[in-house]
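K.L.:
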Amino acid sequence: MADSTPLLSQPNSENISESPQLDQHLPSLNSTIEKCIGDHFGWPQFLQAVVVSFARFFDAQQSFIAVFTDAEPTWHCKEALGSNSCSSASDICQLPRDLWAWDSPEKSSIISEWGLQCAGSIITGLPASAFFMGCLLGGLILSTLADESLGRKKMLFISCLAMAFSTLLTTFATNVWTYSALRFVSGFGRAAIGTCALVLSTELVGKRWRSRVGVVGFFFFTLGFLSLPAIAYINRDSTWRNIYVWTSIPTIFYSILVHFLVHESPRWLFVKGRKEEAIETLKTMAPANNQNLTLSFSSLPVEQESWNVGLYSAIKILVKKKWAFRRLSAVMAVGLGIGMVYYGMPLALGNLSFNLYLSVTFNALSELPASLLTFFLVGKLNRKSSLLVFTILSGICSIMSILKGVKSCTTLRIGLELVSFFSGCTAYNLLLIFTIELFPTSVRNSAVSMVRQALVLGGVLSPLLAAAGRGDGFLSYGVFGIVIGCFGLFVVFLPETRGRAICDTMDEEECKEKGSACNIGSAGGEA
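All residue numbers for the sequence shown refer to full-length UniProt numbering, where the first residue is 1 and numbers rise by one.
1. Could you check whether the segment 450-466 touches the segment 115-129, counting it as contact only if at least three pairs of C-beta atoms, one from each stretch, sit closer than 8 angstroms?
2. Around the Cβ of R97, are there at least 16 other Cβ atoms within 10 angstroms (buried) or fewer (exposed)?
3. Which residues in the same chain as C425 place their Cβ atom closer than 7 angstroms to its Cβ, once the five residues preceding and following it in sequence are excluded?
4. I'd like to know if F54 contacts chain D, where contact means its C-beta is closer than 8 angstroms to some C-beta of that chain.
5. Quick check on N351: buried or exposed, where buried means 16 or more other Cβ atoms within 10 Å of its Cβ?
6. If you draw a straight line from the alpha carbon of T411 to that of S401, how long is it in whole angstroms?
7. Whole angstroms are fine: how far does the CA of W75 sit from the CA of residue 541?
8. Pull up the distance between the alpha-carbon of I231 and that of I243, whole angstroms please.
9. Taking F165 as the reference, which of R190, L418, L318 and L142 has the closest Cα?
10. Are L261 and V50 closer than 8 angstroms when you measure CB to CB?
11. Could you tell me whether the Cβ atoms of R267 and T441 are closer together than 8 angstroms?
12. Given a cut-off of 8 angstroms, decide if A55 and C135 are closer than it, judged by their beta-carbon atoms.
13. Using DSSP's beta-bridge definition, name the partner residues of W100.
14. Would you kindly check if the distance between the Cβ of G187 and the Cβ of R452 is under 8 angstroms?
15. So which of F270, L387, G344 and N363 has the shortest CA-CA distance to S149?
16. For the segment 144-198, which segments carrying the alpha helix (DSSP H) assignment without a break, of at least 4 residues, lie completely within its bounds, in sequence order?
17. Would you call V492 buried or exposed, if buried means 16 or more other Cβ atoms sit within 10 Å of its Cβ?
18. Which residues in the same chain as D237 place their Cβ atom closer than 8 angstroms to its Cβ, once the five residues preceding and following it in sequence are excluded?
19. Quick check on T497: does DSSP put it in helix, strand or coil?
20. Decide if the segment 370-383 is in contact with the segment 497-515; the criterion is three or more beta carbon pairs, one per stretch, under 8 angstroms apart.
21. Counting pairs of beta carbons, one from the segment 315-327 and one from the segment 471-485, are three or more of them closer than 8 angstroms?
22. Roughly how many whole angstroms lie between the Cα atoms of L156 and A330?
23. Looking at the structure shown, is C511 part of a helix, part of a strand, or coil, going by DSSP?
24. Mapping DSSP to helix, strand and coil, what is T247?
25. With distance defined between alpha-carbon atoms, name the residue in A173, Y428 and L47 nearest to V205.
26. Could you tell me which of N363, D70 and V334 sits nearest to V389, measuring between CA atoms?
27. Secondary structure at L142, three-state DSSP: helix, strand or coil?
28. Closest to T174 by CA distance: which of I234, S112 and D91 is it?
29. Excluding the five sequence neighbours on either side, which residues of its own chain have a C-beta within less than 7 angstroms of the C-beta of L137, listed in chain order?
30. What residue does the alpha helix (DSSP H) around K320 start on, and which one ends it?
31. How far does the alpha helix (DSSP H) with E113 in it reach, from first residue to last?
32. Could you compute how far the alpha carbon of V479 sits from the alpha carbon of T391?
33. Among F218, T284 and E437, whose alpha-carbon lies nearest the alpha-carbon of E509?
34. Which two residues bound the contiguous alpha helix (DSSP H) that contains L393?
35. Exposed or buried, what is L358 when buried is set at 16 or more other beta-carbons lying within 10 Å of its beta-carbon?
36. May I ask you to report which of helix, strand or coil DSSP gives A467?
In structure tokens:
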């Protein structure tokens with residue numbers, strides 16, 4: 001039974017359940033859930049949100065692990081065989097192999113172990129691109145299942161477990177081709193983790209805590225990103241395979257934890273007609289003094305859609321409805337630009353002539369203020385104007401970092417890169433919260449997944465640009481800045497959602513879009 005004392009309380013707030021107007025209308029699912037848990041955030045909800053959001057920790061590790069495992073190590077001329085030609089050369093591909101040696105053990109990176117230093121940007125960037133290509137395909141295949149059949153919890157469990165086992169198998173790769181194939185499989189399994197964790201955690205709480213609970217996952221993502229420099233530094237004198245072992249085994253144990261401790265979304269259960277399961281889930285989260293929970297739901301009709309629910313029908317309806325397609329196209333365009341910066345900049349850090357461990361740590365740390373800013377100000381920030389400001393700022397700083405004169409100052413360059421990455425992180429956080437508020441429960445997971453697909457598409461392209469940018473900074477940071485600055489402008493085509501109640505069905509959202517009255521039990525929907 002839930003703790004009767006809310007973990008976080010707002011004593012001056014109006015209690016939704018005490019509003020007499022709600023009893024005068026046929027309630028909607030949203031208003032009924034708000035009456036039960038809307039003003040309360042007890043320990044059961046807090047623990048559920050933490051466990052679900054922790055999936056982002058492992059998500060971050062696999063997203064950026066290539067920064068270390070696929071890095072090109074530094075090299076030096078051999079003392080005994082050193083010559084003027086070796087000392088003056090800047091490209092080891094122009095030197096005989098016996099004149100130089102790696103500064104680190106040969107097995108510390110796939111580049112040095114498999115001799116890929118002269119293979120070109122397409123080959124060296126292939127494993128990271130393969131990972132994000134797997135994310136793209138996995139997102140298309142797996143994302144809609146969380147809305148239509150498996151649900152959020154099962155999809156989260158399956159995705160985490162698939163990513164963990166494929167990551168563990170990566171340690172047995174013997175060449176760049178099998179390595180890339182296993183990275184593809186890992187990306188395929190990882191595809192639904194971020195979406196399911198975000199959607200499930202926000203659907204377990206009321207409107208008041210929705211945006212803040214969504215930000216919790218961003219904190220765990222940051223911690224996962226921060227853990228990579230530490231793991232890589234500990235294993236700097238050993239094989240790159242150890243990094244995959246250290247990140248895969250904990251993920252397996254976490255998957256088991258999800259299976260036994262996490263509840264399914266009551267909103268999704270109710271939309272799917274599983275009213276009894278939804279009520280039982282709410283009873284574990286509702287306040288102890290809420291004795292009329294079953295009675296509150298007994299007169300509530302199941303809010304099924306007017307369209308037939310089938311495999312991939314969530315995606316089809318998003319494309320078929322003009323207002324939904326317009327929203328989806330705009331947020332996906334913004335997501336593509338943000339994804340180029342968010343995934344590309346960490347992969348291009350080796351181009352800055354700065355200590356790799358420190359630069360990755362600084363980038364990971366810059367996510368903390370981005371998450372804090374989102375957490376404390378998300379209730380006050382307008383979604384549209386905030387996204388516009390952060391995408392433009394990120395683009396300007398990224399382009400400035402490759403201007404003539406800045407390249408010669410490493411400190412200034414890393415400073416501009418950090419500002420650009422911080423702005424991109426903040427925009428990333430705001431975009432996902434914005435997407436949750438733009439689409440109803442019945443298609444929310446699919447909509448968020450499509451936006452993440454756009455973000456990941458930026459991830460597919462960015463490793464190739466990062467590898468090409470080793471010789472020309474414009475091909476990495478210049479392109480990143482132009483894309484996020486231009487694509488961020490698409491946010492002007494979206495409606496503002498700050499402070500707006502979320503809907504549960506497409507019919508309800510469409511009525512709200514048209515500004516007309518709908519007889520679908522939405523009288524209490526704005527509570």
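Virtual Cβ for every residue (Gly too), placed ideally from N, Cα, C.
P.N.:
In short:
1. yes
2. exposed
3. Y342, S366, E367 and A370
4. Structure shown: chain D not included; a single protein chain is present.
5. buried
6. 10 angstroms
7. Past the edges of the chain, shown from 1 to 527, lies residue 541, and the structure says nothing about it.
8. 7 angstroms
9. R190
10. no
11. yes
12. no
13. C77
14. no
15. F270
16. 145-148, 151-169 and 176-190
17. exposed
18. S104, P105 and S108
19. coil
20. yes
21. no
22. 27 angstroms
23. helix
24. helix
25. L47
26. V334
27. helix
28. S112
29. F188
30. S313 to K320
31. I110 to E113
32. 14 angstroms
33. E437
34. R383 to M400
35. exposed
36. helix
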